[in-house]
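Residue numbers (my numbering): 3 to 204.
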């Protein structure tokens with residue numbers, strides 16, 4: 003059973019990696035279709051710095067659990083993330099009770115960097131995406147960082163209670179019909195999602 007689950011994870015990760023590699027290349031080609039006359043060495047240096055910040059931020063928040071906690075901060079009674087607008091998107095940042103909100107604020111906003119955050123996932127072999135945070139339209143010099151997260155059926159949704167974020171006691175598999183990310187597996191694996199962070203200087 004464990005071997006089967008690992009195989010499913012590797013298969014889904016492989017599909018995601020291949021598809022997102024192509025999408026990233028296309029995005030990069032569009033974003034970098036400029037001549038040496040329109041982009042200075044200094045500008046490229048800033049982009050490289052922003053890329054490093056985005057990559058490090060996603061890696062760190064994936065490792066400390068705050069990224070996954072935010073993705074699972076889902077109100078299945080309302081079929082939406084708490085505090086989002088009519089389109090189900092956060093206009094500026096996550097609610098302040100989430101640790102990830104503080105981490106994004108310190109790493110990006112406080113440095114004059116705007117960002118959008120998207121969640122990409124697999125459904126019946128196709129890749130879909132929804133916006134989680136939208137601060138605006140990225141500039142021509144925006145950069146994209148990505149991080150995969152593996153979700154399991156026994157993972158619990160998170161909720162705000164008693165002044166802190168905690169596990170709700172409700173598992174993904176119990177509310178899979180109400181969650182934006184579908185159950186893509188018959189085993190313990192639920193789905194593999196890719197978090198896409200687009201950043202640019204304000």
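Virtual Cβ for every residue (Gly too), placed ideally from N, Cα, C. Treat the numbers as computed from the prediction; the structure is a model and nothing was measured.
- By the 16-neighbour rule on beta-carbons within 10 angstroms, residue 45 is exposed.
- In the three-state DSSP reduction, residue 190 falls in the coil class, being neither helix nor strand.
- Note on residue 63: 16 or more other CB atoms within 10 angstroms of its CB, so buried under the neighbour-count rule.
- For residue 113, there is no enclosing beta strand (DSSP E), since its DSSP letter is neither H nor E.
- A check of alpha carbon separations from residue 166 across 47, 68, 132 and 100 identifies 100 as the nearest.
- DSSP lists no beta-bridge partner residue for residue 52.
- Per DSSP, the unbroken beta strand (DSSP E) holding residue 134 starts and ends at 128 to 136.
- Counting the other CB atoms within 10 Å of its CB gives residue 160 a total of 16 or more, which places it among the buried residues.
- If you draw a 10 Å sphere on the C-beta of residue 122, you find 16 or more other C-beta atoms in it, and that means buried.
- In its chain, beyond the 5 residues on either side, 158, 159, 160 and 161 have a beta carbon closer than 7 Å to the beta carbon of residue 170.
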